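Asker: Numbering (the numbering used here), first residue to last: 11 to 307. Think of the CB as a built atom: it goes at the ideal place given N, C-alpha and C, for glycine as much as any other residue. Keep in mind the model is a prediction, meaning the values are calculated, not measured. One structure, as structure tokens, below. Some questions next.
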């Protein structure tokens with residue numbers, strides 16, 4: 011059974027099923043004998059204030075329920091504290107959970123929090139902002155930056171995909187400059203992935219990235235035409251050997267990245283930065299509950 015006596019649960023309940031998912035999470039935790047300070051947050055702008063309020067009560071465990079953007083947006087508050095993180099996969103892609111082997115079923119994820127083991131992991135950084143999983147340059151932040159407010163909530167995945175197709179028609183390859191400290195390199199690319207974990211968009215794409223490697227990994231998909239991006243996505247989805255074609259990998263604990271033109275960067279789905287940036291790794295800065303078989307990965 012769980013080693014914790016007190017916990018805070020913060021759930022991003024913005025989605026259409028947010029309140030129902032929150033109720034399921036509370037029901038799964040109720041019989042475990044943990045004193046849980048539970049919060050369903052319907053306005054994402056209130057998430058920071060909510061976790062600060064919860065942390066003031068000094069919980070031993072903080073359980074975050076939401077997608078990758080929610081985890082990345084709140085994980086900053088746990089750095090430097092003697093608090094363990096638990097994660098409930100309530101998002102669309104749940105790449106962070108996939109990386110750590112956390113089940114995508116709420117009740118099974120709660121079982122990991124109760125019966126799993128803690129694993130100390132790295133966090134990525136863009137400037138002074140921590141992130142849990144991955145940041146992206148290219149079509150993904152272009153979509154995130156332009157999508158009408160509430161489109162995905164009210165029209166669902168079909169509405170979001172329609173907007174994504176429109177943005178892809180407008181999308182153009184771009185030039186980047188990458189400097190790991192050994193001099194700048196210039197590439198024409200169709201996508202850039204800045205990774206602390208192996209999964210992106212729910213798919214295993216960054217094969218050289220690990221959450222406890224001590225390195226930030228940047229993968230650049232080279233190409234002068236945007237169909238190279240479609241080919242790379244398809245090869246990743248089908249796990250074809252060609253998925254590593256046109257991929258240039260950079261790794262280190264600090265890498266400078268610039269682009270022409272200046273471009274937005276989405277951090278686990280949220281546009282929070284623009285080039286130029288410095289991508290860094292913060293090694294072994296938080297502890298998260300994972301399945302026992304993944305604790306010593």
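#1: Assess contact between the region 117-133 and the region 220-229, defined as three or more Cβ pairs (one per stretch) separated by less than 8 Å. Is contact present?
#2: The ligand NAP heavy atoms versus the CB of residue 265: any closer than 7 Å?
#3: Please determine if the region 100-118 and the region 58-68 are in contact, where contact requires at least 3 C-beta pairs separated by less than 8 Å.
#4: Would you tell me roughly how many angstroms separate the C-alpha atoms of residue 78 and residue 263, rounded to the nearest one?
#5: Could you tell me the distance, in whole angstroms, from the CA atom of residue 290 to the CA atom of residue 81?
#6: What do you get for residue 90, buried or exposed, if any count of 16 or more other CB atoms within 10 angstroms of its CB means buried?
#7: Near residue 284, which residues of its chain fall below 8 Å by C-beta distance, leaving aside the five closest residues on each side in sequence?
#8: With a 10 Å radius around its C-beta and 16 neighbouring C-beta atoms as the bar for buried, classify residue 201 as buried or exposed.
#9: Could you tell me the boundaries of the alpha helix (DSSP H) in which residue 63 lies?
#10: Using the Cα positions of residue 136 and residue 172, report the straight-line distance between them to the nearest angstrom.
#11: Look at the alpha carbon of residue 180 and the alpha carbon of residue 38, and state the distance between them as a whole number of angstroms.
#12: Between the C-alpha atoms of residue 124 and residue 13, what's the straight-line distance to the nearest angstrom?
#13: Secondary structure at residue 139, three-state DSSP: helix, strand or coil?
#14: Which runs of the alpha helix (DSSP H), 4 residues or longer, sit entirely within the region 169-250?
#15: Verify the CB distance criterion: does residue 16 have a CB-CB separation below 8 Å to chain C?
#16: Between the beta-carbon of residue 186 and the beta-carbon of residue 267, is there less than 8 Å?
#17: Report all residues from its chain with a CB closer than 7 Å to the CB of residue 258; omit the five preceding and five following residues, and keep chain order.
#18: From residue 119 to residue 138, what does the alpha carbon distance come to, in whole angstroms?
#19: Which value, in whole angstroms, describes the spacing of the CA atoms of residue 157 and residue 151?
#20: Can you give me the C-alpha to C-alpha distance between residue 237 and residue 106, rounded to a whole angstrom?
#21: For residue 122, which residues from the same chain have a beta carbon less than 7 Å from its beta carbon, with the 5 sequence-adjacent residues on both sides left out?
#22: I'd like the list of long-range same chain contacts for residue 199, defined as Cβ closer than 7 Å, with 5 residues on each side in sequence excluded.
#23: Excluding the 5 residues flanking residue 147 on each side, which residues of the same chain have their C-beta closer than 6 Å to its C-beta?
#24: Is DSSP giving residue 106 helix, strand or coil here?
#25: According to DSSP, simplified to helix, strand and coil, what is residue 95?
#26: Under a three-way DSSP split, which group does residue 87 fall into?
#27: Measuring alpha carbon to alpha carbon, tell me which residue in 176, 251, 134 and 252 is nearest residue 278.
#28: What are the boundary residues of the alpha helix (DSSP H) that residue 155 is part of?
#29: Could you tell me the alpha carbon to alpha carbon distance between residue 23 and residue 250, rounded to whole angstroms?
#30: Could you spell out the range, first to last residue, of the beta strand (DSSP E) harbouring residue 75?
Answerer: So, from the data block:
#1: Because the criterion of three Cβ pairs below 8 Å is met, the region 117-133 and the region 220-229 touch.
#2: This structure lacks the ligand NAP; in fact it carries no ligand of any kind.
#3: Not touching, per the Cβ criterion.
#4: Residue numbering aside, residue 78 sits at position 68 when the chain shown is read from its first letter. Residue numbering aside, residue 263 sits at position 253 when the chain shown is read from its first letter. If you draw a straight line from the Cα of residue 78 to the Cα of residue 263, it comes to about 22 Å.
#5: Position 280 of the chain shown, counted from the first residue, corresponds to residue 290. Position 71 of the chain shown, counted from the first residue, corresponds to residue 81. Straight-line Cα distance between these residues: approximately 18 Å.
#6: Indexing the chain shown from 1 puts residue 90 at position 80. Exposed, since its Cβ has fewer than 16 Cβ neighbours within 10 Å.
#7: Here the question's residue 284 lines up with position 274 in the chain shown. Within the same chain, and ignoring the five residues on either side of residue 284 in sequence, the residues whose Cβ sits closer than 8 Å to its Cβ are 272, 273, 274 and 275.
#8: Locating residue 201 in the chain shown gives position 191, where the first residue counts as 1. Answer is buried; the Cβ neighbour count reaches 16.
#9: Your numbering for residue 63 matches position 53 in the chain shown. Segment 57-65, the alpha helix (DSSP H) holding residue 63.
#10: On the chain shown, residue 136 is found 126 positions in, with the first residue counted as 1. On the chain shown, residue 172 is found 162 positions in, with the first residue counted as 1. Cα to Cα, residue 136 sits roughly 30 Å from residue 172.
#11: In the chain shown, the residue the question calls residue 180 occupies position 170. In the chain shown, the residue the question calls residue 38 occupies position 28. Near 45 Å, if we compare the C-alpha coordinates of residue 38 and residue 180.
#12: Stepping through the chain shown from its first residue, residue 124 is reached at position 114. Stepping through the chain shown from its first residue, residue 13 is reached at position 3. Approximately 8 Å between the Cα atoms of the pair.
#13: Along the chain shown, one-based indexing puts residue 139 at 129. Three-state result, residue 139: strand.
#14: Counting whole runs of 4 or more residues, the region 169-250 contains the alpha helix (DSSP H) stretches 237-247.
#15: Protein chains in the displayed structure number just one, and chain C is not present.
#16: Mapped onto the chain shown, residue 186 falls at position 176. Mapped onto the chain shown, residue 267 falls at position 257. Yes, the pair counts as a contact, with Cβ atoms nearer than the cut-off.
#17: For this step, residue 258 is matched to residue 248 along the chain shown. Only 197, 230 and 232 meet the Cβ criterion.
#18: Numbered from 1 along the chain shown, position 109 holds the residue referred to as residue 119. Numbered from 1 along the chain shown, position 128 holds the residue referred to as residue 138. C-alpha separation (whole angstroms): 30 Å.
#19: Along the chain shown, one-based indexing puts residue 157 at 147. Along the chain shown, one-based indexing puts residue 151 at 141. Cα to Cα, residue 157 sits roughly 10 Å from residue 151.
#20: As a working note, residue 237 is residue 227 in the chain shown. As a working note, residue 106 is residue 96 in the chain shown. It is roughly 28 Å from the alpha-carbon of residue 237 to the alpha-carbon of residue 106.
#21: Counted from its first residue, the chain shown places residue 122 at position 112. Cβ neighbours of residue 122 within its own chain (closer than 7 Å, five residues either side excluded): 112, 113, 299, 300 and 301.
#22: One-based indexing of the chain shown puts residue 199 at position 189. These residues qualify, in order along the chain: 183, 184, 186, 230, 231, 232 and 233.
#23: For the purposes of this step, residue 147 is taken as residue 137 along the chain shown, with counting starting at 1. Answer for residue 147: 202, 273 and 275, listed in chain order.
#24: Indexing the chain shown from 1 puts residue 106 at position 96. Of the three classes helix, strand and coil, the one that applies to residue 106 here is helix, per DSSP.
#25: Residue numbering aside, residue 95 sits at position 85 when the chain shown is read from its first letter. When secondary structure is reduced to three states using DSSP, residue 95 falls in the strand class.
#26: As a first step, residue 87 is located in the chain shown; it is residue number 77 there, counting from the start. Here residue 87 sits in helix by DSSP.
#27: On the chain shown, position 268 is the one that residue 278 refers to. That would be 134, whose Cα lies nearest to the Cα of residue 278.
#28: Residue mapping note: residue 155 aligns to position 145 of the chain shown, counting from 1. Where residue 155 is concerned, the enclosing alpha helix (DSSP H) stretches over 149-156.
#29: Translated into the one-based positions of the chain shown, residue 23 becomes position 13. Translated into the one-based positions of the chain shown, residue 250 becomes position 240. If you take the alpha carbons of residue 23 and residue 250, they lie about 37 Å apart.
#30: Reading the chain shown from its first residue, position 65 is the one you call residue 75. Per DSSP, residue 75 belongs to the beta strand (DSSP E) from 71-76.
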